[in-house]
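Asks:
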Amino acid sequence: MAESDPTPTKTLIDGNILAAMSLARFGVDHMFGVVGIPVTSLANRAVALGVRFIAFHNEQAAGYAASAFGYLTGCPGVLLTVSGPGCVHGLAGLSNGMINAWPVVMISGSCDQNDVGRGDFQELDQIEAVKPFSKFSVKAKHISEIPDSVARVLHWASSGRPGGCYLDLPTDVLHQTISDSEAEALLAAADNSIKTEETLIPNPPVSDIEQTVSLLRNAKRPLVVFGKGAAFSRAENELKKLVETTGIPFLPTPMGKGLLPDTHELAALAARSLAIGKCDVALVVGARLNWLLHFGEPPKWSKDVKFILVDISKDEIELRKPSVGLVGDAKRVLERINREIKDDPFCFGKSHPWVEEVAKKVKDNVVRMEVQLAKDVVPFNFFTPMRIIRDAILGLGSPAPILVSEGANTMDVGRAVLVQTEPRTRLDAGTWGTMGVGLGYCIAAAVASPGRLVIAVEGDSAFGFSAIEVETLVRYQLPVVVIVFNNGGVYGGDRRSPEEIDGPYKDDPAPTSIIPGAAYHTVIEAFGGKGYLVGTPEELKSALSESFSARKPAVINVTVDPYAGSESGRMQHKN
Numbered sequence: 107m108a109e110s111d112p113t114p115t116k117t118l119i120d121g122n123i124l125a126a127m128s129l130a131r132f133g134v135d136h137m138f139g140v141v142g143i144p145v146t147s148l149a150n151r152a153v154a155l156g157v158r159f160i161a162f163h164n165e166q167a168a169g170y171a172a173s174a175f176g177y178l179t180g181c182p183g184v185l186l187t188v189s190g191p192g193c194v195h196g197l198a199g200l201s202n203g204m205i206n207a208w209p210v211v212m213i214s215g216s217c218d219q220n221d222v223g224r225g226d227f228q229e230l231d232q233i234e235a236v237k238p239f240s241k242f243s244v245k246a247k248h249i250s251e252i253p254d255s256v257a258r259v260l261h262w263a264s265s266g267r268p269g270g271c272y273l274d275l276p277t278d279v280l281h282q283t284i285s286d287s288e289a290e291a292l293l294a295a296a297d298n299s300i301k302t303e304e305t306l307i308p309n310p311p312v313s314d315i316e317q318t319v320s321l322l323r324n325a326k327r328p329l330v331v332f333g334k335g336a337a338f339s340r341a342e343n344e345l346k347k348l349v350e351t352t353g354i355p356f357l358p359t360p361m362g363k364g365l366l367p368d369t370h371e372l373a374a375l376a377a378r379s380l381a382i383g384k385c386d387v388a389l390v391v392g393a394r395l396n397w398l399l400h401f402g403e404p405p406k407w408s409k410d411v412k413f414i415l416v417d418i419s420k421d422e423i424e425l426r427k428p429s430v431g432l433v434g435d436a437k438r439v440l441e442r443i444n445r446e447i448k449d450d451p452f453c454f455g456k457s458h459p460w461v462e463e464v465a466k467k468v469k470d471n472v473v474r475m476e477v478q479l480a481k482d483v484v485p486f487n488f489f490t491p492m493r494i495i496r497d498a499i500l501g502l503g504s505p506a507p508i509l510v511s512e513g514a515n516t517m518d519v520g521r522a523v524l525v526q527t528e529p530r531t532r533l534d535a536g537t538w539g540t541m542g543v544g545l546g547y548c549i550a551a552a553v554a555s556p557g558r559l560v561i562a563v564e565g566d567s568a569f570g571f572s573a574i575e576v577e578t579l580v581r582y583q584l585p586v587v588v589i590v591f592n593n594g595g596v597y598g599g600d601r602r603s604p605e606e607i608d609g610p611y612k613d614d615p616a617p618t619s620i621i622p623g624a625a626y627h628t629v630i631e632a633f634g635g636k637g638y639l640v641g642t643p644e645e646l647k648s649a650l651s652e653s654f655s656a657r658k659p660a661v662i663n664v665t666v667d668p669y670a671g672s673e674s675g676r677m678q679h680k681n
């Protein structure tokens with residue numbers, strides 16, 4: 107008999123398994139994407155290790171989901187794509203995360219390194235392609251580089267100002283093998299190296315905190331403005347303490363809504379123009395003075411306003427040149443401001459002329475809006491169905507559903523009418539004004555917050571970008587109700603002037619037109635979901651009640667007058 111070999115058998119691990127092990131080891135519990143060559147095995151291995159993989163039809167929607175997941179959870183959302191065109195499609199989500207300052211990591215397979223430059227299958231210099239849309243990118247050129255590369259992209263996505271990072275995994279690297287003991291050693295080394303790279307969060311000097319409090323204390327018309335950066339920082343409790351201690355009115359940006367309830371007595375939402383136009387000191391927390399805030403410039407703002415900016419990015423502070431710039435995490439900076447105020451408290455009080463002026467304007471505008479909302483207009487305008495939706499959502503109580511909103515008129519009217527009462531319960535087109543984010547955001551919200559209903563209120567054109575993902579809703583049985591405002595196109599029906607209807611193709615549908623009366627509700631029915639077609643208040647109330655109670659995938663197709671609303675919504679001056 108031959109003697110047995112005393113050498114223990116080594117288990118070989120390929121690049122797919124090692125990448126999956128790395129993701130699981132460094133805290134990834136969800137991935138979004140579209141599988142195919144060369145990453146199918148990576149997705150399957152990740153699932154086997156406890157990572158939930160949400161498979162989409164299109165990388166664009168998957169990327170939007172990954173970016174929103176990063177925002178809602180505070181941990182990087184991960185997008186997995188195939189090489190070449192898959193990577194290009196995924197750039198939509200990567201760039202969306204980068205612009206909105208949300209942590210997202212895109213991982214793409216790429217062609218065999220030995221065949222670069224020879225016209226290999228789906229060949230693309232993906233590191234170069236992602237440069238404008240990522241803060242850090244890396245290619246793992248050998249299997250031994252995978253753990254460290256995974257650890258670093260996840261680390262940098264969340265460090266400093268959050269944003270997009272990219273990891274490139276060539277086909278040949280995914281097929282290379284090492285022993286399980288070598289894999290464990292590489293994972294441990296990557297873990298240790300990242301711990302030594304922990305980024306220190308800046309801490310503003312005491313003098314800047316003191317100057318901030320002095321400016322607020324001595325202001326005649328102070329205002330607190332906060333955005334999704336404060337929401338990402340989980341700064342709601344600190345904001346509440348600041349506002350209620352000092353009595354200063356506040357104004358959230360669209361995705362800052364809900365950090366403090368829209369119904370709060372110091373909310374200046376319904377008096378936005380007055381608040382920003384007359385305030386003399388504005389404490390801006392986790393919001394950039396970009397187009398959404400009119401760049402902080404006249405005529406929307408007073409020429410004499412003093413800005414105090416709280417931002418995680420020193421570059422942002424230097425760009426805006428405020429009176430005081432506080433570089434740091436919003437939650438921590440607010441804690442320090444509150445401590446400074448506690449030592450010598452002040453409060454403007456309800457009878458302060460500025461507080462009274464803002465409150466009166468809010469009341470007047472709310473009354474005016476409610477008069478308009480009280481009318482039942484059929485065929486529907488935007489206001490009647492939006493009021494019915496608002497009341498149905500408020501009737502759900504807590505936990506409040508997560509609202510996803512996109513479209514021109516639909517999003518604009520919804521921002522004014524729909525009420526946010528809890529933090530991080532509003533997702534919309536964001537800093538970039540991105541259309542097509544809706545279904546991806548819905549899916550991200552449903553998996554990030556499993557105890558909440560998710561409700562999308564979308565224009566029909568915006569819905570069309572990723573409408574096929576309703577199949578994804580049904581496949582995973584996610585508690586998402588999509589409400590489509592169907593007015594027959596971008597902004598509505600054919601709005602061309604007579605002089606624009608000319609030329610050899612003048613009989614074609616207008617560039618803004620979609621087939622009138624499109625049966626969007628039947629799309630989800632094709633996959634086993636529930637569809638509703640509504641055109642009256644009673645039909646809409648019934649559909650909302652039934653779908654909200656069922657908490658199953660549903661589409662409510664709301665027929666809206668094609669000539670309700672306006673072209674480009676509130677951005678008409680740019681079109």
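The working numbering puts the first residue of the sequence shown at 107, with every later residue one more than the last. Beta carbons: idealized from backbone N, C-alpha and C, even for Gly.
When the distance is taken between beta carbons, is Gln583 closer than 8 Å to Pro757?
Replies: Nothing can be reported for residue 757, as the shown portion of the chain is limited to 107 through 681.
Asks: In three-state terms, what does DSSP make of Glu441?
Replies: Here residue 441 is taken as the residue at index 335 of the sequence shown, counted from 1. Correct three-state label for Glu441: helix.
Asks: Could you check the C-alpha separation between Lys466 and Gly637 for me, to the nearest Å?
Replies: One-based indexing of the sequence shown puts residue 466 at position 360. One-based indexing of the sequence shown puts residue 637 at position 531. In a straight line, the C-alpha of Lys466 is about 43 Å away from that of Gly637.
Asks: Can you tell me whether Leu185 is helix, strand or coil according to DSSP?
Replies: Position 79 of the sequence shown, counted from the first residue, corresponds to residue 185. The answer is strand: DSSP assigns Leu185 an E or B state.
Asks: Start and end of the alpha helix (DSSP H) containing Asn202?
Replies: In the sequence shown, residue 202 corresponds to position 96, counting from 1. Element bounds for Asn202: 191-206.
Asks: Mapping the DSSP letters down to three states, classify Thr531 as helix, strand or coil.
Replies: By 1-based counting over the sequence shown, the position of residue 531 is 425. Looking at Thr531 - three-state DSSP - the assignment turns out to be coil, as it is neither helix nor strand.
Asks: Is Met137 helix, strand or coil by DSSP?
Replies: In the sequence shown, residue 137 corresponds to position 31, counting from 1. Note: Met137 maps to strand in three-state DSSP.
Asks: Just checking: is the beta-carbon of Glu403 within a distance shorter than 8 Å of some beta-carbon in chain D?
Replies: Reference to chain D is not applicable here, since this structure consists of a single protein chain.
Asks: Alpha carbon to alpha carbon, how far is Gly223 from Arg394?
Replies: Your numbering for residue 223 matches position 117 in the sequence shown. Your numbering for residue 394 matches position 288 in the sequence shown. Cα to Cα, Gly223 sits roughly 42 Å from Arg394.
Asks: Would you call the CB atoms of Ser339 and Thr305 closer than 8 Å?
Replies: Counting from one through the sequence shown, the residue named residue 339 turns up at place 233. Counting from one through the sequence shown, the residue named residue 305 turns up at place 199. For Ser339 and Thr305, no; Cβs fall outside 8 Å.
Asks: May I ask you to list the residues that DSSP assigns as paired with Ile160?
Replies: In the sequence shown, the residue the question calls residue 160 occupies position 54. Paired residues: Phe138.
Asks: Could you tell me if Ile119 is buried or exposed, where buried requires 16 or more neighbouring beta carbons within 10 angstroms of its beta carbon?
Replies: Here residue 119 refers to the residue found at position 13 when the sequence shown is read from its first residue. Classification of Ile119: buried, given that the 10 Å Cβ count is 16 or more.
Asks: Counting along the chain, where does the beta strand (DSSP E) carrying Lys636 start and finish?
Replies: Within the sequence shown, residue 636 is the residue found at index 530, counting from 1. DSSP places Lys636 inside the beta strand (DSSP E), whose first and last residues are 636-640.
Asks: Is Cys548 helix, strand or coil by DSSP?
Replies: The residue given as residue 548 occupies position 442 in the sequence shown. In this structure, DSSP gives Cys548 a helical state, which the three-state scheme calls helix.
Asks: Which term fits Met107, buried or exposed, when burial requires 16 or more other beta carbons within 10 angstroms of its beta carbon?
Replies: In the sequence shown, counting from the first residue as 1, residue 107 sits at position 1. In this predicted model, Met107 has a pLDDT of only 46, less than 50, meaning its place in the structure is not dependable; the value taken from the coordinates is given anyway. By the neighbour-count rule (16 or more Cβ atoms within 10 Å), Met107 is not buried but exposed.
Asks: Where does Met107 sit, in a helix, a strand or coil, going by DSSP?
Replies: Your numbering for residue 107 matches position 1 in the sequence shown. Unreliable placement is indicated for Met107, whose pLDDT of 46 sits below 50; no coordinate value is reported for it.
Asks: To the nearest whole angstrom, what separates the beta carbons of Leu124 and Ile252, a pair I think is in contact under 8 Å?
Replies: Residue 124 sits at position 18 when you count from the first residue of the sequence shown. Residue 252 sits at position 146 when you count from the first residue of the sequence shown. The Cβ separation is near 5 Å, so the contact holds.
Asks: Starting from Gly335, follow the alpha helix (DSSP H) in both directions and report where the run begins and ends.
Replies: In the sequence shown, the residue the question calls residue 335 occupies position 229. Here the alpha helix (DSSP H) through Gly335 covers 334-338.
Asks: For Phe332 and Gln282, what's the separation of their Cα atoms in angstroms?
Replies: By one-based count along the sequence shown, residue 332 stands at place 226. By one-based count along the sequence shown, residue 282 stands at place 176. So the two alpha carbons sit approximately 49 Å from each other.
Asks: With a cut-off of 8 Å on the beta carbons, I'd call Ala336 and Gly364 a contact; round off their distance for me.
Replies: Against the sequence shown, residue 336 aligns to sequence position 230. Against the sequence shown, residue 364 aligns to sequence position 258. Actually they do not touch by this definition, with Cβ atoms about 11 Å apart.
Asks: Out of Val560, Asp608, Phe571, point me to the one whose CA is closest to Leu650's CA.
Replies: Here the question's residue 650 lines up with position 544 in the sequence shown. Check the Cα spacing between Leu650 and each of Val560, Asp608, Phe571: the tightest is with Val560.
Asks: Please determine, among Leu366, Leu372, Lys406, the residue with the shortest C-alpha to C-alpha distance to Leu380.
Replies: Position 274 of the sequence shown holds residue 380. Comparing Cα positions, the closest option is Lys406.
Asks: Mind listing, in chain order, the continuous alpha helix (DSSP H) runs of no fewer than 4 residues lying wholly within the segment 558-620?
Replies: 566-570, 576-581
Asks: With 16 other CB atoms within 10 Å as the buried threshold, where does Asp449 fall?
Replies: Counting from 1 along the sequence shown, the entry for residue 449 is found at position 343. Exposed.
Asks: Alpha helix (DSSP H) containing Ile300: first to last residue?
Replies: One-based indexing of the sequence shown puts residue 300 at position 194. That run of the alpha helix (DSSP H) goes 286-302.
Asks: Quick check: Ile414 and Leu432, are their CB atoms within less than 8 Å of each other?
Replies: As a working mapping, residue 414 is identified with position 308 in the sequence shown. As a working mapping, residue 432 is identified with position 326 in the sequence shown. It is a contact, given that the beta carbons lie within the stated cut-off.
Asks: Under the three-state reduction of DSSP, which class applies to Lys406: helix, strand or coil?
Replies: Numbered from 1 along the sequence shown, position 300 holds the residue referred to as residue 406. Lys406 falls in the coil class under three-state DSSP.
Asks: Just list the alpha helix (DSSP H) runs in the segment 628-673, keeping only unbroken ones of 4 residues or longer that don't cross its boundaries, in chain order.
Replies: 643-656
Asks: Where do the N-terminal and C-terminal ends of the alpha helix (DSSP H) with Val279 fall, by residue?
Replies: To locate residue 279, count along the sequence shown from 1; it is residue 173. Run containing Val279: 277-281, per the alpha helix (DSSP H) assignment.
Asks: Are the segment 276-291 and the segment 237-250 touching, with three or more C-beta to C-beta distances below 8 Å?
Replies: In short, these stretches touch, since the Cβ pair count reaches three.
Asks: So, are the CB atoms of Gly353 and Val256 less than 8 Å apart?
Replies: The residue labelled residue 353 in the question sits at position 247 within the sequence shown. The residue labelled residue 256 in the question sits at position 150 within the sequence shown. For the pair Gly353 and Val256, the CB atoms are not nearer than the 8 Å cut-off.
Asks: Check the DSSP bridge columns for Met212 and list the partner residues they point to.
Replies: To locate residue 212, count along the sequence shown from 1; it is residue 106. Partner(s): Leu185, Tyr272.
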